[in-house]
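Student: Position 42 (the sequence shown) corresponds to 419 in our numbering; numbering is contiguous. Heads up, the beta-carbon is just placed ideally off N, CA and C, and yes, glycines get one too. Please read these numbers as outputs of a predicted model, since none were measured by experiment. Input: one structure, supplied below.
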Amino acid sequence: MRIMIAALAVLAAVLASPVALAQSAGDAPAPSLLVHGNYCGLGNRAPLPPVDALDAACARHDACTPAGGLPSRRCNLRLFREADLISRDPRYPDSVRTAAVFIAFSASTMPFDPAPQSAAIEAPIWADPHAYRRVRASYAY
């Protein structure tokens with residue numbers, strides 16, 4: 378019992394040291410729970426390149442997800458489609474194909490932003506909607 382209390386006291390002293398506090402203040406990267414490669418899972422190792430096609434699909438999904446927000450439905454469907462194609466491709470090892478099945482299932486159940494922000498483009502009032510039909514044909518013989 379005394380050894381356990383002493384071990385907890387040493388652990389508390391190490392965690393409260395100035396070095397540990399400096400690392401937790403912003404020098405250390407945010408913790409991540411990755412399933413595959415550098416981008417598949419919660420968080421990422423952003424400066425590192427993707428390790429394979431599945432990791433590249435996850436990187437594209439991370440890129441289309443706004444910081445602190447939910448991805449669009451289209452973003453989740455793209456990840457599902459790409460991971461599903463990788464899971465069916467016999468050229469990839471079984472470990473990558475199994476991870477792709479898990480990523481595809483996860484992408485199909487991920488929450489998404491029901492109303493993603495989109496840009497509204499308006500045509501000028503004076504634009505003629507039928508202008509493309511009035512094309513002059515000229516023939517040179």
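Could you have a look at residue 490 and say whether DSSP puts it in helix, strand or coil?
Tutor: To locate residue 490, count along the sequence shown from 1; it is residue 113. In the three-state reduction of the DSSP assignment, residue 490 falls in the strand class.
Student: Tell me where the alpha helix (DSSP H) around residue 527 begins and ends.
Tutor: Beyond the ends of the chain as shown, which are 378 and 518, falls residue 527; an answer cannot be given.
Student: On the criterion of 16 or more Cβ atoms from any shown chain inside 10 Å, does residue 466 qualify as buried, or is it exposed?
Tutor: The sequence position of residue 466 within the sequence shown is 89, counting from 1. So residue 466 ends up on the exposed side.
Student: Which word fits residue 417, buried or exposed, when buried means at least 16 other C-beta atoms lie within 10 angstroms of its C-beta?
Tutor: Counting from 1 along the sequence shown, the entry for residue 417 is found at position 40. Residue 417 comes out buried.
Student: Going along the chain, which residues of its own chain have a beta-carbon closer than 7 Å to the beta-carbon of residue 479, five neighbours each way excluded?
Tutor: Within the sequence shown, residue 479 is the residue found at index 102, counting from 1. Closer than 7 Å at Cβ, skipping near neighbours: 412.
Student: Would you mind listing the beta strand (DSSP E) stretches within the segment 413-450 that are 3+ residues and don't spill past its ends, in chain order?
Tutor: 417-419
Student: Just the C-alpha distance for residue 439 and residue 464, rounded to the nearest angstrom, thanks.
Tutor: Sequence index remark: in the sequence shown, residue 439 carries index 62 (1-based). Sequence index remark: in the sequence shown, residue 464 carries index 87 (1-based). One C-alpha to the other measures close to 20 Å.
Student: Put residue 398 into one of helix, strand or coil per three-state DSSP.
Tutor: Taking the sequence shown and counting its residues from 1, one reaches residue 398 at position 21. Unreliable placement is indicated for residue 398, whose pLDDT of 41 sits below 50; no coordinate value is reported for it.
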